[in-house]
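*Asks:* Read left to right, the sequence shown gives residues 325 to 741 (our numbering). Even glycine gets a Cβ: it sits at the ideal position worked out from N, Cα and C.
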Amino acid sequence: MNLASSFRSFGWPSRLLMINQFGINLGFYMLMPYLAAYLAGPLGLAAWAIGLVLGVRNFSQQGMFIVGGTLADRLGYKPLIVAGCGLRTVGFALLVLADSLPALLIASAATGFAGALFNPAVRAYLAADSGPRRVEAFALFNVFYQGGILAGPLVGLALMFADFRTTAAAAAVVFAALTVAQLFALPQRVGEPPAEKTSVLQDWRVVVTNRSFLLFAAAMIGSYVLSFQVYLALPLQARQLFPGSDTIVTAMIFVVSGVVAVVGQLRITRWFAQRWGSGRSLVIGMLILAVSFAPLIALPDDSRAGRVAAAAALLLATAILAVGTVAVFPFEMDTVVSLAENRLVGTHYGFYNTVVGVGILGGNLATGALMQTARDLGAPELLWMLLSAIGLLSALALYRLDRRGRLRPTQPLAGSV
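#1: How is lysine 521 classed by DSSP in three states: helix, strand or coil?
#2: Between leucine 711 and glutamine 561, how many whole angstroms is the CB-CB distance? I'm expecting something under 8 Å.
#3: In three-state DSSP terms, what is methionine 484?
#4: Determine the DSSP secondary structure at proline 337, reduced to helix, strand or coil.
#5: Hey, would you say alanine 629 sits closer than 9 Å to leucine 623, going by beta carbons?
#6: Check for me: the alpha helix (DSSP H) holding glycine 609 runs from which residue to which?
#7: Helix, strand or coil: which one does DSSP assign to proline 704?
#8: So what does DSSP say about alanine 422, is it helix, strand or coil?
#9: To the nearest angstrom, report how far apart alanine 519 and alanine 364 are at their CA atoms.
#10: Rounded to whole angstroms, what's the CA-CA distance from serine 718 to leucine 685? Just pull it up for me.
#11: For a quick check, are the C-beta atoms of leucine 722 and valine 607 less than 9 Å apart?
#12: Enumerate in chain order the residues of its own chain whose CB-to-CB distance from methionine 657 is below 6 Å, with the five nearest sequence positions on each side excluded.
#13: Tell me the residue span of the alpha helix (DSSP H) that contains alanine 328.
#14: What first and last residue would you give for the alpha helix (DSSP H) that runs through glutamine 385?
#15: From which residue to which residue does the alpha helix (DSSP H) around phenylalanine 321 run?
#16: For asparagine 443 versus phenylalanine 389, is the C-beta distance shorter than 9 Å?
#17: Assuming threonine 593 and valine 679 are in contact, meaning their beta carbons sit under 8 Å apart, how far apart are those beta carbons, in whole angstroms?
#18: Once the 5 residues before and after leucine 502 are set aside, which same chain residues still bring their CB inside 7 Å of it?
#19: Identify which residue in Leu429, Arg631, Arg339 has its Cα closest to the Cα of glutamine 564.
#20: Would the C-beta of valine 532 count as close to the ligand MN, meaning under 8 Å from any of its heavy atoms?
#21: Please report how far the alpha carbon of leucine 327 lies from the alpha carbon of leucine 355, in whole angstroms.
#22: Please state whether the Cβ-Cβ distance between aspartate 453 and serine 338 is less than 9 Å.
#23: Would aspartate 700 be called buried (16 or more neighbouring beta carbons within 10 Å of its own) or exposed?
#24: With three or more C-beta pairs closer than 8 Å as the rule, is the stretch 595–606 touching the stretch 640–657?
#25: Just the Cα atoms here: how many angstroms apart are asparagine 688 and valine 660?
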């Protein structure tokens, strides 16, 4: 089944959610990659203020996922999706007008909290609507997700020839259109109601006492730390290899990652699903993530085989990392629903995103520090070896959880993908 026929085989709500996710990432990534340069350049903010603005955006999203997921389970998925898209419209519109630090912080917080509202709701809605075809649905969802990441910076770059405010206004228009589309075209959908009325704290207690779910979330932190290096360590490596002219190589990193996901997602998911269940697929996907840094361990700089070979190693590592990421994602999303036993799915997704978000923050801080330390020691391969070790430890943790039956879905995977 090719991409178009697979897309048509799903119901209208799932298809709309996939298109919606492409639009969400298109609007977000046409603006956010250029925000720091705008804050430092035309607005002239100090480095600490830029870090504060970006930090507020990240915290208001990652730290508030549990709130968005809980509200989705209580109010329904559609209201949270619409509210999130609407709030991000407001946030980006504020960036058009904001020229002071307080206004920028408000706009940044609104933009981040919007993501906390719609992200768990979108995933919970898609899981509910696709039913036993969750793995295939999330595989196709990731194609649209990555497509938005691929197209967004390119559209934003073209608009930046005008100015940042034009780009921010265009992003706000994208989210305004998404808000209207979800409001009028997306059917209402709520999660499976609890047997009796419960408080928010009781709902959260259900999540934090789900031992299998907590162990799975902890094991998956390694996956997010590694896959996030496409935004951190790999661009820094490009800058190290091509100081002052790293933009093209960095763009190639995102192009390679996006193309692998868009072209290969369904094929990779189908290949894994036909051979293994979710548990083994997660383990093998994590192993692929772990070995993705092997080219950079072999060629960590241009001193061993030249700059061209080092750049080739960088792009090869990017491609392998992308394969591992797309291999893991649909089975990961399916496992969250299974371990939630199809109840309080939004809350589980929200808590899960918060846990891995904290892991990403810690991983980014450690990666940045270790990258410089390794170079100072004259052994730049140490960083890539450590990242590979994180992947191997995560794969071992997933393997042990799978062997103990803690990753088994409550219902078997449906057919082939």
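*Replies:* The structure says:
#1: Within the sequence shown, numbered from 1, the residue matching residue 521 stands at position 197. If DSSP states are grouped into helix, strand and coil, lysine 521 belongs with coil.
#2: Counting from one through the sequence shown, the residue named residue 711 turns up at place 387. Counting from one through the sequence shown, the residue named residue 561 turns up at place 237. So it is not a contact: roughly 12 Å between Cβ atoms.
#3: Within the sequence shown, numbered from 1, the residue matching residue 484 stands at position 160. In the structure shown, methionine 484 sits in coil (DSSP, three-state: anything other than H, G, I, E or B).
#4: Counted from its first residue, the sequence shown places residue 337 at position 13. Proline 337: helix per DSSP, three-state reduction.
#5: Position 305 of the sequence shown, counted from the first residue, corresponds to residue 629. Position 299 of the sequence shown, counted from the first residue, corresponds to residue 623. It is a contact, given that the beta carbons lie within the stated cut-off.
#6: Translated into positions along the sequence shown, residue 609 becomes position 285. In the DSSP assignment, glycine 609 falls within the alpha helix (DSSP H) that extends over 602–615.
#7: Within the sequence shown, the letter at position 380 stands for residue 704. In this structure, proline 704 counts as coil in the three-state DSSP scheme.
#8: Along the sequence shown, one-based indexing puts residue 422 at 98. Coil, per DSSP.
#9: Here residue 519 corresponds to residue number 195 of the sequence shown, with the count starting at 1. Here residue 364 corresponds to residue number 40 of the sequence shown, with the count starting at 1. Reliability of the predicted coordinates at alanine 519 is poor, the pLDDT of 49 falling under 50, and the value obtained from them is presented with this limitation in mind. Between the alpha carbons of alanine 519 and alanine 364 lies a distance of about 53 Å.
#10: For the purposes of this step, residue 718 is identified with residue 394 of the sequence shown, where counting begins at 1. For the purposes of this step, residue 685 is identified with residue 361 of the sequence shown, where counting begins at 1. Linking serine 718 to leucine 685 through their CA atoms gives a straight-line distance of about 17 Å.
#11: Here the question's residue 722 lines up with position 398 in the sequence shown. Here the question's residue 607 lines up with position 283 in the sequence shown. Yes, they are a contact pair.
#12: In the sequence shown, the residue the question calls residue 657 occupies position 333. Within the same chain, methionine 657 has close Cβ partners Phe462.
#13: As a first step, residue 328 must be located in the sequence shown, where it is residue number 4. For alanine 328, the enclosing alpha helix (DSSP H) stretches over residues 327–332.
#14: Reading the sequence shown from its first residue, position 61 is the one you call residue 385. Per DSSP, glutamine 385 belongs to the alpha helix (DSSP H) from 371–386.
#15: Examination of residue 321 is not possible in this model, given that the chain is present from 325 through 741 alone.
#16: As a first step, residue 443 is located in the sequence shown; it is residue number 119 there, counting from the start. As a first step, residue 389 is located in the sequence shown; it is residue number 65 there, counting from the start. In this structure, asparagine 443 places its C-beta atom within 9 Å of the C-beta atom of phenylalanine 389.
#17: Here residue 593 is taken as the residue at index 269 of the sequence shown, counted from 1. Here residue 679 is taken as the residue at index 355 of the sequence shown, counted from 1. Their Cβ separation, rounded to whole angstroms, is 24 Å, which puts threonine 593 and valine 679 out of contact at 8 Å.
#18: Taking the sequence shown and counting its residues from 1, the one referred to as residue 502 is at position 178. Within the same chain, and ignoring the five residues on either side of leucine 502 in sequence, the residues whose Cβ sits closer than 7 Å to its Cβ are Asn344, Gly347, Ile348, Cys409.
#19: As a first step, residue 564 is located in the sequence shown; it is residue number 240 there, counting from the start. Across the set Leu429, Arg631, Arg339, the C-alpha of Arg631 shows the shortest separation from the C-alpha of glutamine 564.
#20: This structure lacks the ligand MN; in fact it carries no ligand of any kind.
#21: Along the sequence shown, one-based indexing puts residue 327 at 3. Along the sequence shown, one-based indexing puts residue 355 at 31. Taking the straight line joining both Cα atoms gives about 28 Å.
#22: Sequence index remark: in the sequence shown, residue 453 carries index 129 (1-based). Sequence index remark: in the sequence shown, residue 338 carries index 14 (1-based). Yes, the Cβ-Cβ distance between aspartate 453 and serine 338 is below 9 Å.
#23: Mapped onto the sequence shown, residue 700 falls at position 376. Counting the other Cβ atoms within 10 Å of the Cβ of aspartate 700 gives fewer than 16, which makes it exposed.
#24: Touching, yes.
#25: Here residue 688 corresponds to residue number 364 of the sequence shown, with the count starting at 1. Here residue 660 corresponds to residue number 336 of the sequence shown, with the count starting at 1. Between asparagine 688 and valine 660, the C-alpha separation is close to 24 Å.
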